[in-house]
Amino acid sequence: MTKHLKTQVVIDSTRKLIEKHYQDKFTYAIPTWARLTADPEILEVIPLHGLQAITICKQKVDFKVDFKDIKSIKQYVSFLNNQMDISLDIIGYVVFLNKQVYIEKDPSYHMALSQSQNNEIDKYNLSQEKFELIILYLNNKDQIIENLDQLLYQS
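Its first residue numbered 0, the sequence shown is counted upward by one per residue in numbering that gives the first Met the number 0.
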């Protein structure tokens with residue numbers, strides 16, 4: 000059985016997860032008129048074919064993987080994907096995303112932003128890292144799970 004990952008569902012779920020994480024404005028020193036959000040970008044996906052895929056993904060590799068380098072991540076994903084038995088059903092996914100956090104006007108703030116506030120948004124967004132990796136584990140219903148072992152117990 001072939002099943003395709005619903006990428007927009009994953010992106011939307013990731014965005015909500017990130018926004019929930021950053022929602023406390025006091026912890027992250029965010030002005031009341033702003034909020035942290037994200038525009039996550041899917042870099043690579045590992046479809047997990049059968050339960051053996053969990054073991055494949057947990058194995059140690061004999062080469063260096065630099066999770067701050069997209070080329071290195073692509074090599075790692077390719078290595079794992081090449082070991083999958085694609086004749087087996089997909090039980091889940093490992094998704095590598097570029098987090099891409101940025102600040103924007105909070106939709107619940109009803110006043111127009113001043114030029115100074117808009118400049119603050121621009122300054123913050125320009126200073127953000129261009130690449131920040133986030134790895135998500137999904138079940139075969141495209142729902143985020145905490146770890147691959149949860150796939151052992153799904154029905």
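For glycine and all other residues, C-beta sits at the position ideal for the given N, C-alpha and C.
Just so we're clear, the structure is a prediction, and the values are computed from it rather than from any experiment.
Spanning the alpha carbons of I85 and Q74 requires a straight line of approximately 19 Å. With 16 or more other Cβ atoms inside 10 Å of its own Cβ, T13 counts as buried. Under DSSP, A52 forms no beta bridge with any residue. Taking the Cα of K140 as reference, the smallest distance to any Cα among A33, M110 and V93 is reached at V93. Q153 is classed as exposed because its beta carbon has fewer than 16 other beta carbons within 10 Å across all chains shown. In chain order, I45 and P46 place their CB closer than 8 Å to the CB of N80, counting only its own chain and leaving out the 5 sequence neighbours on each side. Assignment of I17 by DSSP, reduced to helix, strand and coil, places it in the helix class. No residue range can be given for N146, since it is assigned to no alpha helix (DSSP H) and is classified by DSSP as neither H nor E.
Taken atom to atom, the span from the alpha-carbon of V8 to that of C56 is near 23 Å. Burial check for L137: the Cβ neighbour count within 10 Å reaches 16 or more, so the residue is buried.
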